[in-house]
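Presented below is the structure to which this report refers.
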Amino acid sequence: MINYRLETFEGPLDLLLSLVEKHKLNIEDIPIDLLCEQYMAYIKDAEEHDVELACEFLEMASELMLIKSRLLLPRDPVKEEDPRKPLVDAILEYQKAKLAAAELSDLYKTYGGRTVKEQDDISPDRKYVADHSVELLKAALIHVYTETRLTEKTVRDNFSGIVNAPRIPVEDVMTGLISTLKDRNIYLDGYFRASENRSEMVAKFIGLLELLKSHIIALEETDAPDSGVTDIYSHLEIRLIASDEEIAAANLESNAY
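Numbering (numbering that gives the first Met the number 0), first residue to last: 0 to 256.
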């Protein structure tokens, strides 16, 4: 038994574009005779193999015959439009859509299985408001360490660095940064390198985030400074973008780290 296989097309424009590309025709100047002949050959081949054709294919066949007959009639090329122009425009638009669909198909294969989760609005739980002292927390930690068979001296030595760490008001850090930025812009790496200890560095980081969130300062990527540092942080410059009125309206809360 012989099996016949015919190419399937999504529509008459898909078939016409395939014929144009197959015979390397110039879309802007389609030889309508050749195109019509090839199109009708496909229609005839499909009918001989009992392939059901949509009415739009037959409608396009009649449109090609109409264009062919109009080309045989005398016309003024200056005043009258080329009978092929509507068909040429339609094929060009379909070609653009097909190329775009191919590009989007590749993107869909890459990103189609991904989903975007909207940001959750997490409100703070204000039911638990107990204010535990440092000594109480230290005693609880000592108890935990005791359960794990660590000596109290080891616990105190390990914990003293945290308990005795200097408390640095974040508000003071933010105020100092704003005051500096009123005179000059500073680079992000230099701002943190000037910290005396880790506590000050953390306070600066928290203050920086607060000022960025309040749209008082901005980070802008610039050329590398003369210091020779080439990492990305040396390219980020901190600059003041808010006016004195906007700074006052921000009402930055006093906090400490």
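From the three backbone atoms N, C-alpha and C, an ideal C-beta is built for every residue, glycine too.
Start and end of the beta strand (DSSP E) containing residue i?
{"i": "I177", "result": "From DSSP, I177 is part of no beta strand (DSSP E) but of the alpha helix (DSSP H) over V169 to D182."}
Anyone know if the C-beta pair for residue i and residue j falls short of 8 Å?
{"i": "L70", "j": "P82", "result": "yes"}
{"i": "Y38", "j": "L63", "result": "yes"}
{"i": "I177", "j": "I246", "result": "yes"}
{"i": "K181", "j": "L239", "result": "yes"}
{"i": "L187", "j": "L140", "result": "no"}
{"i": "I216", "j": "I185", "result": "no"}
{"i": "H22", "j": "L33", "result": "yes"}
{"i": "K212", "j": "V172", "result": "no"}
Per DSSP, which one or two residues make a beta bridge with residue i?
{"i": "L235", "result": "E220"}
{"i": "Y186", "result": "E236"}
For residue i, which of the options has the nearest alpha-carbon?
{"i": "G111", "options": "L103, K97 and S132", "result": "L103"}
{"i": "T174", "options": "D44, N196 and L207", "result": "L207"}
{"i": "I205", "options": "S194, K108, V169 and N250", "result": "V169"}
{"i": "E199", "options": "R166, D119, E79 and E47", "result": "R166"}
{"i": "E55", "options": "L14, V87 and T179", "result": "L14"}
{"i": "L57", "options": "K95, A96, G10 and V19", "result": "G10"}
What are the start and end residues of the alpha helix (DSSP H) that includes residue i?
{"i": "P85", "result": "K84 to Y110"}
{"i": "D81", "result": "That residue, D81, is in no alpha helix (DSSP H); it is neither H nor E in DSSP."}
{"i": "D75", "result": "Per DSSP, D75 belongs to no alpha helix (DSSP H) and is neither H nor E."}
{"i": "K212", "result": "R197 to K212"}
{"i": "K43", "result": "I31 to E47"}
{"i": "I246", "result": "D243 to A249"}
{"i": "D13", "result": "P11 to K21"}
Under 8 Å, with one C-beta from each stretch per pair, do the region 13-32 and the region 91-100 reach the 3-pair mark? yes
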